Amino acid sequence: MCGVLFGWYVLDGFRLGEDFERTGLSNVVTVGVRDIQRDDFCGKADSVFLDLPQPWLAIPSAGKILKQDAILCSFSLCIEQAQHSCETLQSNFPDIRTFEVLLRMYEVREGKTENFQANDSVAFGSLPCKRRHGSNEGSNASSLTIMVRPSAGAKGHTGYLTFARLGCLS
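By this note's numbering, the letter at position 27 of the sequence shown is numbered 12, and the numbering carries on one by one without gaps.
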């Protein structure tokens, strides 16, 4: 089913179709809405992505539609959902990995940094520098550089992505 995408929720399916059309992918991707528990998909899917309140309920059906050695990915909002999904996956998916996804915003801005003379850097201890600014080396000139730091008041919600590879079915 290369290039075919099926969604369970009708509105999501139509929205995805619009997104593929807007990005110029509608000629290589077909979007449809199907029920994986009712329709016959046995062994036809290269991958499955689950974003459901109780993903463990869909895992047995998802396992039936996946090709051998295919990947299932599930998004969970809490660790208990991820744990329950992993318990269900253990029977047919030998390779299971869960990753926590955290939102962490960074502030990116341009700022001035001081380039110290060689004798100044000795006073602070010699700091490693991957890039040397040839024109400013040996002077106390300022240069503009891009600076990045974590935002102080960033708040976000955690989530969990579980990836599992379907084992050989006997």
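From the three backbone atoms N, C-alpha and C, an ideal C-beta is built for every residue, glycine too.
Every value quoted in this text rests on a predicted model; they were computed, and no experiment measured them.
Pick helix, strand or coil for residue i, following the three-state DSSP scheme.
{"i": "SER76", "result": "coil"}
{"i": "LYS52", "result": "strand"}
{"i": "SER136", "result": "coil"}
{"i": "ALA67", "result": "helix"}
{"i": "SER11", "result": "coil"}
{"i": "GLY47", "result": "Per the sequence shown, the amino acid found at residue 47 is Ala instead of Gly. ALA47 falls in the helix class under three-state DSSP."}
{"i": "LEU42", "result": "helix"}
{"i": "GLY17", "result": "strand"}
{"i": "ASP31", "result": "strand"}
Alpha carbon to alpha carbon, what distance is there between residue j and residue i?
{"i": "ALA30", "j": "LEU74", "result": "17 Å"}
{"i": "GLU95", "j": "LEU87", "result": "26 Å"}
{"i": "ASN77", "j": "LYS97", "result": "56 Å"}
{"i": "ARG150", "j": "SER128", "result": "50 Å"}
{"i": "THR15", "j": "ALA67", "result": "30 Å"}
{"i": "PRO79", "j": "ASP54", "result": "10 Å"}
{"i": "LEU37", "j": "GLY48", "result": "16 Å"}
{"i": "PRO45", "j": "ARG134", "result": "44 Å"}
{"i": "VAL13", "j": "ARG7", "result": "13 Å"}
{"i": "MET90", "j": "THR130", "result": "20 Å"}
{"i": "SER32", "j": "GLU99", "result": "51 Å"}
{"i": "ILE50", "j": "GLY152", "result": "13 Å"}
{"i": "GLY138", "j": "GLY9", "result": "38 Å"}
Taking Cβ positions, are residue i and residue j nearer each other than 8 Å?
{"i": "SER11", "j": "PRO40", "result": "no"}
{"i": "ILE64", "j": "TYR145", "result": "yes"}
{"i": "SER136", "j": "GLU92", "result": "yes"}
{"i": "GLY28", "j": "LYS52", "result": "yes"}
Note down, in chain order, each residue of its chain lying with its Cβ closer than 6 Å to the Cβ of residue i, except the 5 sequence neighbours on either side.
{"i": "LEU35", "result": "ALA43, SER59"}
{"i": "GLY141", "result": "LEU88"}
{"i": "HIS69", "result": "TRP41"}
{"i": "PHE5", "result": "SER11, VAL14"}
Excluding sequence positions up to five away, which residues of its chain have a Cβ less than 7 Å from the Cβ of residue i?
{"i": "CYS71", "result": "ILE81, THR83, THR147"}
{"i": "MET132", "result": "ARG94, GLY96"}
By Cβ distance below 8 Å, which residues in the same chain neighbour residue i in space, the five residues on each side in sequence not counted?
{"i": "GLU3", "result": "none"}
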